[in-house]
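Chains as they are written, first to last, in this note's numbering: chain E, 1 to 250; chain D, 1 to 268. Beta carbons: idealized from backbone N, C-alpha and C, even for Gly.
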Amino acid sequence: MLTDASNIPFALELKSTSFSVPVLVITTDDMDVIEQKLHDKVNQAPEFFKNSPLILDLQEANNQGCLINFIELAGLVRQVGLFPIGIRGGNEQQNKQALQLQIPVHTVSGRDQPLEEKKQKSPSLESEPNEAVISNIAPSETTLITHPIRSGQRIYAKGDLIVLTQVSAGAEIIAEGNIHVYNTLRGRALAGVQGDVEARIFCFDLQAELISIAGNYKISEDLGDSVKGKPVQIYLQDQALIIKDIELHH
Amino acid sequence: MARIIVVTSGKGGVGKTTTSAAIAMGLAKRGHKTAVIDFDVGLRNLDLIMGCERRVVYDFVNVINEEATLNQALIRDKNCNLLYILPASQTRDKDALSQEGVGRVLDELKKDFKYIVCDSPAGIEKGAHLAMYFADDAFVVTNPEVSSVRDSDRMLGLLASKSRRAEQNEEPINEFLLLTRYSPDRVKLGEMLSVDDVQDILSLHLLGVIPESKSVLNASNSGTPVILDEKSDAGQAYADIVARYLGEDRPHRFIDDKKGFFRKLFGG
Numbered sequence: 001m002l003t004d005a006s007n008i009p010f011a012l013e014l015k016s017t018s019f020s021v022p023v024l025v026i027t028t029d030d031m032d033v034i035e036q037k038l039h040d041k042v043n044q045a046p047e048f049f050k051n052s053p054l055i056l057d058l059q060e061a062n063n064q065g066c067l068i069n070f071i072e073l074a075g076l077v078r079q080v081g082l083f084p085i086g087i088r089g090g091n092e093q094q095n096k097q098a099l100q101l102q103i104p105v106h107t108v109s110g111r112d113q114p115l116e117e118k119k120q121k122s123p124s125l126e127s128e129p130n131e132a133v134i135s136n137i138a139p140s141e142t143t144l145i146t147h148p149i150r151s152g153q154r155i156y157a158k159g160d161l162i163v164l165t166q167v168s169a170g171a172e173i174i175a176e177g178n179i180h181v182y183n184t185l186r187g188r189a190l191a192g193v194q195g196d197v198e199a200r201i202f203c204f205d206l207q208a209e210l211i212s213i214a215g216n217y218k219i220s221e222d223l224g225d226s227v228k229g230k231p232v233q234i235y236l237q238d239q240a241l242i243i244k245d246i247e248l249h250h
Numbered sequence: 001m002a003r004i005i006v007v008t009s010g011k012g013g014v015g016k017t018t019t020s021a022a023i024a025m026g027l028a029k030r031g032h033k034t035a036v037i038d039f040d041v042g043l044r045n046l047d048l049i050m051g052c053e054r055r056v057v058y059d060f061v062n063v064i065n066e067e068a069t070l071n072q073a074l075i076r077d078k079n080c081n082l083l084y085i086l087p088a089s090q091t092r093d094k095d096a097l098s099q100e101g102v103g104r105v106l107d108e109l110k111k112d113f114k115y116i117v118c119d120s121p122a123g124i125e126k127g128a129h130l131a132m133y134f135a136d137d138a139f140v141v142t143n144p145e146v147s148s149v150r151d152s153d154r155m156l157g158l159l160a161s162k163s164r165r166a167e168q169n170e171e172p173i174n175e176f177l178l179l180t181r182y183s184p185d186r187v188k189l190g191e192m193l194s195v196d197d198v199q200d201i202l203s204l205h206l207l208g209v210i211p212e213s214k215s216v217l218n219a220s221n222s223g224t225p226v227i228l229d230e231k232s233d234a235g236q237a238y239a240d241i242v243a244r245y246l247g248e249d250r251p252h253r254f255i256d257d258k259k260g261f262f263r264k265l266f267g268g
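Rendered as structure tokens:
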């Protein structure tokens, strides 16, 4: 059979998507220590780390003046069964070495800095490999809506969502980050839908059918009269939704 | 430039066909050549309200299927020679309408008419979708009760996202609110939403309030659009709406039962 590429209408298509990839933050240049720690980590959750892709973050190490040979480090990571798929925060020479190994060079985005800081401050998190090493490498995005969101409409925001107009009953606004509604919120609002427990909902006039943060929700019936129709912020504390008035100073 | 007006609501029985007939007649009476199209294929009513049911030969679906020309299907109104009616087919269903066919008929009408009024069926399915798809202006007919308001809200969402103007990123459809079957007495008793309640939910430009009126039923039964009943409150309310749509500044009436209250309020 003849295969002429021009006769196949949809042979391929380029699409953009974002993934959550673990980032390994290095803070020492002692390869033996790195190897030991890596083995410990992988042994804690072998299934989770099996053939896992990994981005190597050398910024902290370089800031501390550590001298790391990237080729050596990448080899070590491969030895424990992980696949390095990128480097970030590397110096010129490390980036060059990465490209030699055909590993792409990423820039450091500002968003996950706090997560890394938290990791260093609280060594107790070391026992939870997921939280300690995973950080989202997608840059933060904000979606701004200036037209009314009517019944039956659905808005999904990758990052934060800011709505300047009313959200009608029967409408649904969903964000991976925070939700701000500078108007009446009558529909459903779901913040932190990818599990961000730090996400919050802010609105000028709470009349929502449902509010949810990271899967913890309350329906309209559960909203007390003390908060209905008021400017409020909603956040998660010990897995409970807290609804608090926002004092407006006139 | 011709303008396409859709009269829509989502919910049934709120007064779309009554409104379509009244405003089409109102526009024609004011000297604008106007066509009114019944999109309710299978449940046609516009011809009854317009009193031309015994003169229907060809219909909208015949024109779409090129079984008849537009001129063969258009019925000239007996009261106003600038008004033409394109009736729906009673023996077919909404699947007989196609986007391409509706677009072609509207393009042809635009050459000859100043205003084209599309009387939408209830619901949000194909008939309602095609009635609003090509619109420049939307008259959203709403009754002062919660289910009608919510359906109107839903329809407004569709106007803003599923219309030709939305899909081609053109200037959005102008949306106007028409509150029908309004009874100030019942609002006072708390049995009905007030104009302010509805505006609070829909936040839409209010084109006019049509009071609940016996004259509407009488007009339907006799096959003359209620706007021709110049003595009736509903007839006057529709005349106001047509005037406001054409850019005249007229104070709102029929919102309060105390006569002259709004005259005092607006100093008119």
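Simplified DSSP assignment, three categories, for residue i
i: residue 244 of chain E; result: strand
i: residue 95 of chain E; result: helix
i: residue 16 of chain D; result: helix
i: residue 251 of chain E; result: Absent from the structure is residue 251 of chain E, since the part of chain E shown begins at 1 and ends at 250.
i: residue 150 of chain D; result: helix
i: residue 177 of chain E; result: coil
i: residue 60 of chain D; result: helix
i: residue 244 of chain D; result: helix
i: residue 200 of chain D; result: helix
i: residue 228 of chain E; result: coil
i: residue 41 of chain E; result: helix
i: residue 181 of chain D; result: strand
i: residue 6 of chain D; result: strand
i: residue 33 of chain D; result: coil
i: residue 157 of chain D; result: helix
i: residue 228 of chain D; result: helix
Alpha-carbon to alpha-carbon, residue j and residue i
i: residue 39 of chain E; j: residue 162 of chain E; result: 44 Å
i: residue 134 of chain D; j: residue 14 of chain D; result: 22 Å
i: residue 228 of chain E; j: residue 167 of chain D; result: 37 Å
i: residue 126 of chain D; j: residue 238 of chain E; result: 48 Å
i: residue 274 of chain E; j: residue 22 of chain E; result: With chain E covering 1 to 250 only, the question about residue 274 of chain E has no answer from this structure.
i: residue 25 of chain D; j: residue 151 of chain E; result: 32 Å
i: residue 81 of chain D; j: residue 117 of chain D; result: 16 Å
i: residue 85 of chain D; j: residue 141 of chain E; result: 51 Å
i: residue 93 of chain D; j: residue 9 of chain D; result: 20 Å
i: residue 149 of chain D; j: residue 221 of chain E; result: 21 Å
i: residue 159 of chain E; j: residue 90 of chain D; result: 51 Å
i: residue 89 of chain E; j: residue 14 of chain E; result: 28 Å
i: residue 37 of chain E; j: residue 232 of chain E; result: 45 Å
i: residue 161 of chain D; j: residue 206 of chain D; result: 21 Å
i: residue 176 of chain E; j: residue 193 of chain E; result: 5 Å
i: residue 198 of chain D; j: residue 207 of chain E; result: 16 Å
i: residue 140 of chain D; j: residue 236 of chain E; result: 40 Å
i: residue 128 of chain D; j: residue 196 of chain E; result: 41 Å
i: residue 246 of chain E; j: residue 147 of chain E; result: 24 Å
i: residue 118 of chain E; j: residue 55 of chain E; result: Unreliable placement is indicated for residue 118 of chain E, whose pLDDT of 37 sits below 50; no coordinate value is reported for it.
i: residue 247 of chain D; j: residue 189 of chain D; result: 34 Å
i: residue 132 of chain D; j: residue 37 of chain D; result: 12 Å
i: residue 104 of chain D; j: residue 32 of chain D; result: 22 Å
i: residue 241 of chain D; j: residue 213 of chain D; result: 16 Å
i: residue 226 of chain D; j: residue 167 of chain E; result: 36 Å
i: residue 244 of chain E; j: residue 196 of chain D; result: 29 Å
Interface flag, residue i vs chain E, CB-CB below 8 Å
i: residue 203 of chain D; result: yes
Interface flag, residue i vs chain D, CB-CB below 8 Å
i: residue 153 of chain E; result: yes
i: residue 147 of chain E; result: yes
i: residue 200 of chain E; result: no
i: residue 150 of chain E; result: yes
i: residue 131 of chain E; result: With a pLDDT of only 36 at residue 131 of chain E, under 50, the local geometry of the prediction cannot be trusted, and the value read off the model is given with reservation. No, no contact with chain D.
Chain A contact for residue i (CB, 8 Å cutoff)
i: residue 231 of chain E; result: Among the protein chains of the structure shown, namely E and D, there is no chain A.
*Could you say if the segment 224-232 of chain D and the segment 164-182 of chain D meet the contact criterion of at least three C-beta pairs nearer than 8 Å?*
no
*Using a beta-carbon distance cut-off of less than 7 Å, what residues from the segment 148-160 of chain D approach chain E?*
Contacts with chain E (Cβ-Cβ distance below 7 Å) from the segment 148-160 of chain D involve 150, 153, 154, 156, 157, 160, listed in chain order.
*Does the pairing of the segment 139-155 of chain D with the segment 65-78 of chain D give three or more beta-carbon distances under 8 Å?*
no
_Three CB pairs or more closer than 8 Å across the segment 48-67 of chain E and the segment 24-35 of chain E_ = The segment 48-67 of chain E is in contact with the segment 24-35 of chain E.
*Report the residues of the segment 178-190 of chain E with a CB closer than 7 Å to any CB of chain D, ordered along the chain.*
The residues in question: there are none.
*Are there three or more Cβ pairs, one per stretch, closer than 8 Å when the segment 17-34 of chain D is compared with the segment 43-51 of chain D?*
yes
*Would you list, in chain order, the members of the segment 155-177 of chain E that have their beta-carbon closer than 9 Å to a beta-carbon of chain D?*
165, 166, 168, 169, 170, 171
*asked:* I'd like to know if the segment 92-103 of chain E and the segment 68-77 of chain E are in contact, where contact means that at least 3 CB-CB pairs between them fall below 8 Å.
replied: Taking a cut-off of 8 Å on C-beta distances, the segment 92-103 of chain E touches the segment 68-77 of chain E, as three or more cross pairs fall below it.
_Validate contact between the segment 197-205 of chain E and the segment 178-188 of chain E using beta carbons, cut 8 Å, 3 pairs_ = yes
*asked:* I'd like to know if the segment 25-40 of chain D and the segment 71-81 of chain D are in contact, where contact means that at least 3 CB-CB pairs between them fall below 8 Å.
replied: With a cut-off of 8 Å, the segment 71-81 of chain D and the segment 25-40 of chain D count as touching, because enough Cβ pairs lie within range.
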